[in-house]
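> One structure, pasted below without further comment.
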Amino acid sequence: MILKVKNISEIGGVVKAPPSKSYSHRAVILASLAEGTSKLYDMLYSEDTLSSIRVCKALGAKINRTDDYLEVIGTGGKLHNSSAEPIDLANSGTTLRLMTSVSSLSDNEVTLTGDDSLQTRPMGLLMDALLPLGVETSSLKDNDKAPILIKPGYAGGETNIMGNVSSQFISSILISAPLSKKGVRLYVLPEFKSKPYVNMTLDIMRKFGVKTLKGYYLKHENCDKEYQGCRIDEFLVRKQNYVACDYTVEGDYSSASYLLALIAINGGKAKIKNLFRDSKQGDKFILDILQKMGATIIRGEDYVEIASEGNLKAIDVDLSNAPDLLITVAVLAAMAEGTTNITGVAHARVKETDRIDTTCRELEKLGCKLTEMEDGMSITGGVNSGVVDSHGDHRLAMAFSLIGLNHDIEITNGEVFDVSFPNFIEAMAELGFELELKNE
1 MILKVKNISE IGGVVKAPPS KSYSHRAVIL ASLAEGTSKL YDMLYSEDTL
51 SSIRVCKALG AKINRTDDYL EVIGTGGKLH NSSAEPIDLA NSGTTLRLMT
101 SVSSLSDNEV TLTGDDSLQT RPMGLLMDAL LPLGVETSSL KDNDKAPILI
151 KPGYAGGETN IMGNVSSQFI SSILISAPLS KKGVRLYVLP EFKSKPYVNM
201 TLDIMRKFGV KTLKGYYLKH ENCDKEYQGC RIDEFLVRKQ NYVACDYTVE
251 GDYSSASYLL ALIAINGGKA KIKNLFRDSK QGDKFILDIL QKMGATIIRG
301 EDYVEIASEG NLKAIDVDLS NAPDLLITVA VLAAMAEGTT NITGVAHARV
351 KETDRIDTTC RELEKLGCKL TEMEDGMSIT GGVNSGVVDS HGDHRLAMAF
401 SLIGLNHDIE ITNGEVFDVS FPNFIEAMAE LGFELELKNE
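Following full-length UniProt numbering, the numbering of the sequence shown begins with 1 at its first residue and continues without gaps.
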C-alpha cells in the first residue's frame, strides 16, 4: 500500500509515546523463563512482539492477553517445544536472535524460521559463540542464516563474541545464561557497539531477579582507558533463576523520534508523554541530536517537551550506540541547512535492510545530494517531491513520511510500520499530521 499525506493542520499538541519494542520483547521472554505469574503492563502489540509471544507459547509459557495487561505463567526455565513445524517468527530479527540461545533450554529440538527478509540475517557469529557453551545449532540452508535448528542442552562456561555486529547476539547469550548448567562468562571483543541495548537487557534481567557482574580490561597495559579499540568487556552470569514480577513497559524513544522530528522539521510545540528521563535506551540520544540541530528540548521525569522554529542546521553525529535512529537523522539532515555527516553505523547494514544503502538510494530519488560511506553517509540538505519505496523497512516508511511536511511524497510498501508502531498514523494525527494508506 501507499503511505502519503492526507492533510496537515496546526502541528503540535500532546501525545503518548508507544511502548518500547525492545523492552516488550525482553519482558515477555523473561516472564516466560521465570517461575510464577507475571503481569506485563503497557506492552507493545506489534508484528515483531507478537512473534516473541508466539514462540514463548510454543515453548511452554501460558500467555493470556487481558484488557489491562499481558499475563504470563512462566516455565521456570523448563522449556518444551510443542510445535511439530518450524516456528515462524515472520520478520522479527530481535526474536530470532534472542530466542536462538533461549531455545537451547528446551528438552527437545527447536527450529526457528521466518519470512524471506529474516532468512537473510547473518547468524553465524552467535552460533559460533554458543558452541563453547555446549549449545549446538545448525543452519538448515548451510549459510549461517535461518531456518536455524537448535538442539537441547546449555552447559555454560566461557565464550567470546565480537561487539561490533549486533548487540542482540550479546543480549541473547546473557538472557539465557542464568539457566545454563554452570553459568556463563562472556567476553565482548572490541569495538562494542550499541552498548545501551545490552544495558537495557541487564536492567530488565535485574527486574526479574537475575544479577550480573560486569567489568572490563585493556588488551595492552599502555592503552588509554578511553581507547575503545582495546577494551574487552566481561560479563559473569552465575546459575540462578528468574522470578516472576509485575512490570510496566516504558515508552519507546526510537518510535518517539518520528513524533519529535515532526515538530523539529515543521516548527511548533509538543509534549510527548511516557518518555522517562532515566531510561537506559540509547535512542534517547535523539534529544541531544535535535538540540544540536536547533530545537529546544525540556526533559521531564516522564515526558519530553519540544519546541522548534523549523530552521534546522546540519551537524556531525556518531550513531554507533543508537543505530535505529539512522533513517530519522538522515531525513532530518535532508531537511536541514548545510551538510550533515553521520558515522558509526556500519552495523546498520545488517538490519531489516542494508539501511545505509536503502536510505541513500531513496534520498537520491528525491534529488538529495549525498555521499554513501561504509559506516554512514554525508547529506546536504535539500529534497524534492517524489515516490520512494520502504523496502519493507518500518523505520524507512515512518521517517520518510516526514518529508511530506514540505513536499509531495508517496511511500510504496508503506504499511510496514505495524512492525514496531501499529498506531503510527493515529499518533501523528494527534499532532496535526494526517497520513493515509491507499491501495497501489
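Using N, Cα and C, we set each Cβ at its ideal position, and we do this for glycine too.
If residue 261 and residue 363 are in contact, beta carbons under 8 Å, what's the gap, nearest whole angstrom?
Along the sequence shown, one-based indexing puts residue 261 at 261. Along the sequence shown, one-based indexing puts residue 363 at 363. Actually they do not touch by this definition, with Cβ atoms about 15 Å apart.
> Which runs of the alpha helix (DSSP H) at least 4 residues long sit entirely within the region 44–79? Give them in chain order.
Segments of the alpha helix (DSSP H) lying fully in the region 44–79: 47–58.
> What does the Cβ neighbour count give for residue 14, buried or exposed, with the cut at 16 atoms within 10 Å?
Walking along the sequence shown from the start, residue 14 turns up at place 14. Exposed, by the Cβ-count rule.
> Helix, strand or coil for residue 329 per DSSP?
Taking the sequence shown and counting its residues from 1, one reaches residue 329 at position 329. Three-state DSSP puts residue 329 in a helix.
> Within the continuous alpha helix (DSSP H) that includes residue 167, where are the two ends?
Numbered from its first residue, the sequence shown carries residue 167 at position 167. Start and end: 167–176.
> Would a C-beta distance cut-off of 8 Å place residue 322 and residue 285 closer than the cut-off?
Mapped onto the sequence shown, residue 322 falls at position 322. Mapped onto the sequence shown, residue 285 falls at position 285. Result yes, Cβ atoms of residue 322 and residue 285 sit closer than 8 Å.
> Going straight from the alpha carbon of residue 402 to that of residue 3, what length do you get?
Here residue 402 refers to the residue found at position 402 when the sequence shown is read from its first residue. Here residue 3 refers to the residue found at position 3 when the sequence shown is read from its first residue. Residue 402 and residue 3: Cα-Cα distance of roughly 11 Å.
> Would a C-beta distance cut-off of 8 Å place residue 343 and residue 391 closer than the cut-off?
In the sequence shown, the residue the question calls residue 343 occupies position 343. In the sequence shown, the residue the question calls residue 391 occupies position 391. No, these two residues do not count as a Cβ contact at 8 Å.
> If you reduce the DSSP assignment to three classes, tell me which class residue 19 lands in.
Position 19 of the sequence shown holds residue 19. Note: residue 19 maps to strand in three-state DSSP.
> Name the one or two DSSP bridge partners that residue 269 has.
Counting from 1 along the sequence shown, the entry for residue 269 is found at position 269. 12 and 307.
> Tell me the residue span of the beta strand (DSSP E) that contains residue 434.
On the sequence shown, position 434 is the one that residue 434 refers to. 433–438 is the extent of the beta strand (DSSP E) around residue 434.
> Quick check: the region 184–201 against the region 144–152, are at least 3 beta-carbon pairs closer than 8 Å?
Output reads no: the region 184–201 does not touch the region 144–152.
> Return helix, strand or coil for residue 85, following the three-state DSSP convention.
Here the question's residue 85 lines up with position 85 in the sequence shown. Here residue 85 sits in coil by DSSP.
> The alpha helix (DSSP H) that contains residue 128, what's its start and end?
The residue given as residue 128 occupies position 128 in the sequence shown. Looking at the DSSP string, the run of the alpha helix (DSSP H) that includes residue 128 is 124–130.
> Need the endpoints of the beta strand (DSSP E) that residue 388 sits in, please.
Along the sequence shown, read from residue 1 onward, the residue named residue 388 stands at position 388. 386–389 is the extent of the beta strand (DSSP E) around residue 388.
> Between residue 281 and the rest of its own chain, which residues show a CB-CB distance below 6 Å, the 5 nearest in sequence each way excluded?
Here residue 281 refers to the residue found at position 281 when the sequence shown is read from its first residue. Only 253 meet the Cβ criterion.
> Work out the CA separation of residue 397 and residue 419 for me, nearest whole Å.
One-based indexing of the sequence shown puts residue 419 at position 419. One-based indexing of the sequence shown puts residue 397 at position 397. In a straight line, the C-alpha of residue 419 is about 11 Å away from that of residue 397.
> Taking one C-beta from the region 52–63 and one from the region 78–89 each time, how about it: are there three or more such pairs within less than 8 Å?
Contact between the region 52–63 and the region 78–89 is present, because at least three Cβ pairs lie under 8 Å.
> Quick check on residue 262: does DSSP put it in helix, strand or coil?
Taking the first residue of the sequence shown as position 1, residue 262 is located at position 262. Note: residue 262 maps to helix in three-state DSSP.
> Return helix, strand or coil for residue 215, following the three-state DSSP convention.
Along the sequence shown, one-based indexing puts residue 215 at 215. Residue 215 falls in the strand class under three-state DSSP.
> Based on the DSSP output, what are the partners of residue 318 in its beta bridges?
Residue 318 sits at position 318 when you count from the first residue of the sequence shown. 343, per the DSSP bridge assignment.
> Do residue 112 and residue 99 have their beta-carbon atoms positioned less than 8 Å apart in this structure?
Along the sequence shown, read from residue 1 onward, the residue named residue 99 stands at position 99. Along the sequence shown, read from residue 1 onward, the residue named residue 112 stands at position 112. Yes. Within cutoff.
> Please report the straight-line C-alpha distance between residue 411 and residue 427, rounded to a whole angstrom.
On the sequence shown, position 411 is the one that residue 411 refers to. On the sequence shown, position 427 is the one that residue 427 refers to. Taking the straight line from one Cα to the other gives about 18 Å.
> If you draw a straight line from the alpha carbon of residue 250 to that of residue 197, how long is it in whole angstroms?
By one-based count along the sequence shown, residue 250 stands at place 250. By one-based count along the sequence shown, residue 197 stands at place 197. For residue 250 and residue 197, the distance between alpha carbons rounds to 14 Å.
> Once DSSP output is grouped into helix, strand and coil, what is the label at residue 142?
By one-based count along the sequence shown, residue 142 stands at place 142. Note: residue 142 maps to coil in three-state DSSP.
> Since residue 199 and residue 347 are thought to touch, with beta carbons under 8 Å apart, how far apart are those beta carbons, to the nearest angstrom?
As a first step, residue 199 must be located in the sequence shown, where it is residue number 199. As a first step, residue 347 must be located in the sequence shown, where it is residue number 347. So it is not a contact: roughly 17 Å between Cβ atoms.
> Starting from residue 117 and walking both ways along the beta strand (DSSP E), at which residues does that stretch end?
The residue you call residue 117 lines up with position 117 of the sequence shown. That residue, residue 117, is in no beta strand (DSSP E); it is neither H nor E in DSSP.
> Is the distance from the Cβ of residue 89 to the Cβ of residue 40 below 8 Å?
As a position in the sequence shown, residue 89 is number 89, starting the count at 1. As a position in the sequence shown, residue 40 is number 40, starting the count at 1. No, the pair does not count as a contact, with Cβ atoms beyond the cut-off.
> Buried or exposed: which applies to residue 298, given that a residue is buried once 16 or more other Cβ atoms fall within 10 Å of its Cβ?
Locating residue 298 in the sequence shown gives position 298, where the first residue counts as 1. Flag for residue 298 reads exposed.
> Could you say which of 365, 335, 317 and 336 lies nearest to residue 345 if we only look at CA atoms?
Taking the sequence shown and counting its residues from 1, one reaches residue 345 at position 345. Comparing Cα-Cα distances from residue 345 to each of 365, 335, 317 and 336, the minimum goes to 317.
> Determine the DSSP secondary structure at residue 426, reduced to helix, strand or coil.
The sequence position of residue 426 within the sequence shown is 426, counting from 1. Three-state result, residue 426: helix.
> Helix, strand or coil: which one does DSSP assign to residue 404?
Taking the first residue of the sequence shown as 1, we reach residue 404 at position 404. Residue state, collapsed to three classes: helix.
> Could you tell me the distance, in whole angstroms, from the CA atom of residue 124 to the CA atom of residue 352?
Numbered from its first residue, the sequence shown carries residue 124 at position 124. Numbered from its first residue, the sequence shown carries residue 352 at position 352. Rounded to the nearest angstrom, the two C-alpha atoms are 17 Å apart.
> Go ahead and pull the three-state DSSP assignment for residue 234.
Along the sequence shown, one-based indexing puts residue 234 at 234. Strand, per DSSP.
> Relative to the alpha-carbon of residue 241, which residue among 105, 43 and 271 has its alpha-carbon at the smallest distance?
Position 241 of the sequence shown, counted from the first residue, corresponds to residue 241. Among 105, 43 and 271, the Cα nearest to that of residue 241 is on 105.
> Going by the beta-carbon positions, is the gap between residue 29 and residue 9 smaller than 8 Å?
Residue mapping note: residue 29 aligns to position 29 of the sequence shown, counting from 1. Residue mapping note: residue 9 aligns to position 9 of the sequence shown, counting from 1. The answer is no: Cβ separation not under 8 Å.
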